[in-house]
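Peer 1:
Numbering (this note's numbering), first residue to last: 1175 to 1573.
(1) In the DSSP assignment, find the unbroken alpha helix (DSSP H) run with residue 1383 in it and report its ends.
(2) Counting pairs of Cβ atoms below 8 Å between the region 1360-1374 and the region 1425-1433, do you hit three or more?
(3) Since residue 1436 and residue 1286 are thought to touch, with beta carbons under 8 Å apart, how far apart are those beta carbons, to the nearest angstrom?
(4) Whose C-beta lies closer than 8 Å to the C-beta of residue 1188 among residues of the same chain, with five residues either side of it excluded?
(5) Look at the Cβ atom of residue 1315, then the Cβ atom of residue 1332, and state whether they are nearer than 8 Å.
(6) Please classify residue 1250: is it buried, with 16 or more other beta-carbons within 10 angstroms of its beta-carbon, or exposed?
(7) For the beta strand (DSSP E) that residue 1402 lies in, which residues bound it at each end?
(8) By a C-beta neighbour count over all protein chains shown, 10 Å radius and 16 as the cutoff for buried, is residue 1344 buried or exposed?
(9) If you measure from the beta carbon of residue 1329 to each beta carbon in chain D, is any gap under 8 Å?
(10) Tell me whether the region 1496-1514 and the region 1236-1248 touch, counting them as touching only if at least three CB pairs, one residue from each stretch, are closer than 8 Å.
(11) Does the region 1458-1465 touch the region 1495-1504, meaning 3 or more C-beta pairs lie closer than 8 Å?
(12) In chain order, which continuous runs of the alpha helix (DSSP H) of length 4 or greater are located wholly inside the region 1281-1333?
(13) Can you list, in chain order, the residues of its chain whose CB lies under 6 Å from that of residue 1599, leaving out five sequence neighbours each side?
(14) Is it the case that the Cβ atoms of residue 1304 and residue 1342 are separated by a distance below 8 Å?
(15) With contact counted as at least three CB pairs below 8 Å, one residue from each stretch, are the region 1406-1423 and the region 1476-1485 in contact?
(16) Looking at residue 1284 and residue 1259, is the spacing between their C-beta atoms short of 8 Å?
(17) Could you check what DSSP says for residue 1247 in three-state terms: helix, strand or coil?
(18) Would residue 1541 be called buried (16 or more neighbouring beta carbons within 10 Å of its own) or exposed?
(19) Give me the residue from 1488, 1354 and 1311 with the minimum Cα distance to residue 1382.
(20) Thinking just about the alpha-carbon of each residue, which of 1411, 1270 and 1490 is nearest to the one in residue 1376?
(21) By Cβ distance below 7 Å, which residues in the same chain neighbour residue 1562 in space, the five residues on each side in sequence not counted?
(22) How many angstroms separate the CA atom of residue 1267 from the CA atom of residue 1252?
(23) If you draw a straight line from the alpha carbon of residue 1261 to that of residue 1524, how long is it in whole angstroms?
(24) Exposed or buried, residue 1516, counting other C-beta atoms within 10 Å across all chains shown (16 or more means buried)?
(25) Tell me, to the nearest whole angstrom, how far the beta carbon of residue 1218 is from that of residue 1445; I am working on the premise that it is less than 8 Å.
(26) Alpha helix (DSSP H) containing residue 1565: first to last residue?
(27) Give the straight-line distance between the Cα atoms of residue 1421 and residue 1484, rounded to the nearest whole angstrom.
(28) Taking only three categories from DSSP, how would you classify residue 1359?
(29) Is DSSP giving residue 1584 helix, strand or coil here?
(30) Quick one: Cα of residue 1544 to Cα of residue 1559, how far?
(31) Grouping DSSP H, G and I as helix and E and B as strand, with all else coil, what is residue 1438?
(32) Return the CA-CA distance between residue 1330 and residue 1339, expressed in angstroms with no decimal places.
(33) Can you check whether the CB of residue 1538 is closer than 8 Å to the CB of residue 1319?
(34) Quick check: the Cα distance between residue 1352 and residue 1358, rounded to an integer number of angstroms?
(35) Relative to the alpha-carbon of residue 1417, which residue among 1307, 1379 and 1232 has its alpha-carbon at the smallest distance?
(36) Using CA coordinates, which residue listed in 1321, 1291, 1387 and 1324 is at the minimum distance from residue 1350?
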């Protein structure tokens, strides 16, 4: 049985391309949202950790962006997060069993990824890092396709143009430049779409990110920079990376920044819809800081017990994004035990399929490494191909 991603996204079409006219609006918005360095950091939140629906001064302007969300939509968001976590857990287990070389878990960041992913339109384009498994789910990428690279059998198991979801990027921060360049092209083409780039708090210290901020602001590019601040850049905490809240960095580049509760899927959906709408209306880039927490290791080669306290992790476990939405659904009568039981069965089916597909992935063609290096033939590549073929043939059986 194949478990497919349900499409909970609802397209929000703007009235037309207004890129040039939006430059002045972008400047005014940036000035209006600027805050002094000593101001209390804002946090857009629509669901408390206890699952209560709230609205504050910081969140009031964003609440209308989820006014159309129905109970069925909330169940869909919950399903997305549960199945994404199940897939992620299965991938971690497969790596521990020697089936994958490495895995970067998203545990704890499901709301940030599902909320922002479901805010996208089909014609928007996504530039991920290597941890956006939830966003890939929202874009309709088969989860098993994410595992080929980590098993070492391909360089990415999907066509980026099929789902407008770029291949995973291992180089830290470089995808923000790719996204900015793509967004500049979108603007020149006059397309009514937006671009979103995902990165982490650690990547925000890279020069590539600063350059992307500069170019996107100067060229008023329709791009959303979505930073998942999970508090740790491997073993480096955020307080040793920056002196001001991360979202306030956007002020220095001339565009607005917003901090959203990254464990609140509803708030993440609302803020990302708002930022994408700005981009489509020609108002330029936006920085969204999803304030969340990496519950697991940075990757399966990392041991977080060496650098962070159990008390810190326990504090964030109480803010679990899945438990938060479940509490809300139960309190409002949006779902019953039959719904959760059925979803549990579906998640087990997904886990089984992931195990079976990964273990049956064929080994790659050993000569494929020489293909697609150059558009045309190249004498040196031809020579190296022949040398490698001779080397393989020297073994018994020619392999």
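In this text, a Cβ means the ideal position worked out from N, Cα and C, and glycines have one as well.
Given the structure is predicted, the values throughout are model-derived calculations rather than measurements.
Peer 2: Short version:
(1) 1381-1392
(2) no
(3) 4 Å
(4) Confidence at residue 1188 is low in this model, with a pLDDT of 41, below 50, so its placement is unreliable and the value that follows should be read with caution. The answer, listed in chain order, is 1366, 1451, 1454 and 1455.
(5) yes
(6) So residue 1250 ends up on the buried side.
(7) 1397-1403
(8) Per the 10 Å Cβ criterion, exposed.
(9) Going by chain labels, chain D is absent from the structure shown, which holds only one protein chain.
(10) Contact between the region 1496-1514 and the region 1236-1248 is present, with at least three C-beta pairs closer than 8 Å.
(11) no
(12) 1284-1291, 1307-1312 and 1322-1325
(13) With the chain represented from 1175 up to 1573, any question about residue 1599 goes unanswered, as that position is not in the structure.
(14) Contact: yes.
(15) yes
(16) yes
(17) helix
(18) exposed
(19) 1354
(20) 1411
(21) none
(22) Taking the Cα positions, residue 1267 is about 23 Å away from residue 1252.
(23) Spanning the two alpha carbons is a distance of roughly 7 Å.
(24) exposed
(25) Right, their Cβ atoms sit about 6 Å apart.
(26) 1553-1567
(27) Answer to the nearest angstrom: the Cα atoms are 27 Å apart.
(28) The answer is helix: DSSP assigns residue 1359 an H, G or I state.
(29) One cannot answer for residue 1584 here, as it falls past the ends of the chain, which runs 1175 to 1573.
(30) 6 Å
(31) coil
(32) C-alpha separation (whole angstroms): 11 Å.
(33) no
(34) 10 Å
(35) 1379
(36) 1387
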